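Peer 1:
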Amino acid sequence: MTQEELFTYFHDLGIVPVVKIDDAKKAVGLAKAMIKGGIPCAEVTFRTAAAEEAIRLITKECPEMLVGAGTVINPELAEKAVNAGAKFIVSPGLNKHTVKWCQEHNIPVVPGVCTPSDIEKGIELGLSILKFFPAEASGGVKMLKDLGGPFPQIKFMTTGGINPDNLPDYAKAPNVLAIGGSWMVKPDLIESEKWDEITKLCQEAVIKLQGLTLAHIGINLPDRDAASHVAKDFEKLGMTIKEGNSSIFMNGEIEVMKRNYLGKNGHLAFRCYDLERTIFFLKERGFTVKEDTVAKDPKGKIKVCYFNEEIGGFAFHLVK
Ligand code: 3PG
Numbered sequence: 079m080t081q082e083e084l085f086t087y088f089h090d091l092g093i094v095p096v097v098k099i100d101d102a103k104k105a106v107g108l109a110k111a112m113i114k115g116g117i118p119c120a121e122v123t124f125r126t127a128a129a130e131e132a133i134r135l136i137t138k139e140c141p142e143m144l145v146g147a148g149t150v151i152n153p154e155l156a157e158k159a160v161n162a163g164a165k166f167i168v169s170p171g172l173n174k175h176t177v178k179w180c181q182e183h184n185i186p187v188v189p190g191v192c193t194p195s196d197i198e199k200g201i202e203l204g205l206s207i208l209k210f211f212p213a214e215a216s217g218g219v220k221m222l223k224d225l226g227g228p229f230p231q232i233k234f235m236t237t238g239g240i241n242p243d244n245l246p247d248y249a250k251a252p253n254v255l256a257i258g259g260s261w262m263v264k265p266d267l268i269e270s271e272k273w274d275e276i277t278k279l280c281q282e283a284v285i286k287l288q289g290l291t292l293a294h295i296g297i298n299l300p301d302r303d304a305a306s307h308v309a310k311d312f313e314k315l316g317m318t319i320k321e322g323n324s325s326i327f328m329n330g331e332i333e334v335m336k337r338n339y340l341g342k343n344g345h346l347a348f349r350c351y352d353l354e355r356t357i358f359f360l361k362e363r364g365f366t367v368k369e370d371t372v373a374k375d376p377k378g379k380i381k382v383c384y385f386n387e388e389i390g391g392f393a394f395h396l397v398k
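Take the sequence shown: its position 226, counting from 1, is numbered 304 in the numbering used here, and each next residue is one higher.
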């Protein structure tokens with residue numbers, strides 16, 4: 079995997095759990111629980127003596143797991159981690175020696191920053207992906223928004239104090255590449271081998287990260303007259319008509335189509351925080367993009383796309 083592919087994967091997956099493991103013998107059980115929970119990726123931190131062996135075991139036993147090393151505070155630790163199988167290096171702060179070692183060895187590196195000065199040092203080292211740490215204590219999403227002003231080219235992996243409650247705020251932030259945290263892999267859960275609990279927490283995190291909610295329902299009608307008739311019925315319920323070229327929107331919630339468009343009965347539109355990420359999420363669940371429906375904004379980001387599969391006789395699409 080090239081560095082570019084790795085960062086695209088971080089974005090699409092959206093979550094990189096931060097693992098602190100005391101007993102390397104538990105590493106494979108942990109990795110399997112995370113894979114089952116839909117997060118085949120981890121930053122194993124060098125905060126314990128077991129980190130190196132844990133990375134080695136996961137790499138050997140679970141090749142589908144993308145494992146990297148965290149809390150890598152010098153080049154020596156980076157070398158140890160890479161020799162054990164780590165595919166990326168993360169550090170709490172920005173140490174130019176660690177960064178340079180990784181760059182010389184072609185290993186993706188994400189050093190931690192929490193001030194504009196740190197970010198400038200990262201830019202000087204040629205980096206565009208940085209870890210924002212400790213996220214909550216450093217001002218959280220408000221700080222990220224302000225950092226986005228002078229540093230629009232930088233994307234952040236954010237960790238430190240993120241949990242299921244504030245996760246959506248980070249998921250919505252445009253300069254967040256991926257979210258890190260330990261809430262789904264807490265040391266006590268690993269210690270007591272609560273694999274099902276870890277799987278469940280991973281599944282919940284992945285779903286919450288998407289922010290999928292129903293935006294509107296589209297109803298297919300054969301022509302304009304039939305559509306107007308139906309729209310008038312909805313008007314009797316107090317809904318407001320807004321007529322467009324191909325459909326009539328009722329309160330923005332129901333779209334009465336003026337022709338038999340996609341879907342046996344019509345379509346469902348779902349909002350999400352990040353279309354590219356949710357497309358990845360849905361592909362993992364067996365859905366396939368209907369390519370001729372993909373519409374992009376001027377920046378090349380997908381703003382609408384339908385899927386080939388129907389749900390209950392309804393086609394469905396994503397909107398931002
Ligand atoms: C890290 O190193 O990224 C953090 O310790 C993870 O933060 P959290 O434990 O608050 O999730």
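Virtual Cβ for every residue (Gly too), placed ideally from N, Cα, C. As the structure is a prediction and not an experimental result, all values here were calculated from the model.
#1: Can you find the residues in the same chain that come closer than 6 Å, C-beta to C-beta, to M317, ignoring five residues on each side of it along the sequence?
#2: From the DSSP secondary-structure annotation, give me the bridge partner or partners of A256.
#3: Considering only the beta carbon of each residue, do L245 and L287 sit closer than 8 Å?
#4: Going along the chain, which residues of its own chain have a beta-carbon closer than 7 Å to the beta-carbon of I190, five neighbours each way excluded?
#5: Along the chain, where does the alpha helix (DSSP H) that runs through M79 open and close?
#6: Count the other CB atoms within 10 Å of the CB of K336; is the residue buried (16 or more) or exposed (fewer)?
#7: Leaving aside the five residues before and after D301 along the sequence, list all residues of the same chain whose C-beta is less than 8 Å from its C-beta, in chain order.
#8: The alpha helix (DSSP H) with C350 in it runs from where to where?
#9: Among G378, P376, K377, A393, whose alpha-carbon lies nearest the alpha-carbon of Y384?
#10: Would you give the residue range spanned by the beta strand (DSSP E) that M262 belongs to?
#11: Run the CB neighbour count on E433, radius 10 Å, all protein chains shown included, and call it buried at 16 or more, exposed below.
#12: Decide yes or no for the touch test of the segment 267 to 281 against the segment 293 to 312: beta carbon pairs closer than 8 Å, at least 3 of them.
#13: So, is S325 buried or exposed, given that buried needs 16 or more other C-beta atoms within 10 angstroms?
#14: Using a Cβ-based criterion (distance less than 7 Å to any ligand heavy atom), does P170 qualify as near the ligand 3PG?
#15: Does the distance between the C-beta of T123 and the nearest non-hydrogen atom of the ligand 3PG fall short of 7 Å?
#16: Residues in its own chain within less than 8 Å of I257 by CB, not counting five upstream and five downstream?
#17: In chain order, what residues of the same chain have a beta carbon less than 8 Å from the beta carbon of Y87, not counting five sequence neighbours either side?
Peer 2: The answer reads as follows:
#1: M328, N329
#2: Under DSSP, A256 forms a beta bridge with M235.
#3: Taking 8 Å as the cut-off, the Cβ atoms of L245 and L287 count as close.
#4: Before going on, a small fix: residue 190 reads as Gly here, not Ile. Only S169, P170, G171, L172, K209, F211 meet the Cβ criterion.
#5: For M79, no alpha helix (DSSP H) segment is defined, and its DSSP state is neither H nor E.
#6: Result: buried.
#7: K336, R337
#8: Taken as a continuous stretch (DSSP letters only), C350 belongs to no alpha helix (DSSP H), as it is neither H nor E.
#9: A393
#10: No beta strand (DSSP E) contains M262, which DSSP labels as neither H nor E.
#11: Residue numbering for the chain in the displayed model covers 79 to 398; residue 433 lies beyond these limits and cannot be assessed.
#12: no
#13: buried
#14: yes
#15: yes
#16: G92, I93, V94, M235, T236, T237, I240, L245, Y248, A249, L287
#17: M79, C119, L144
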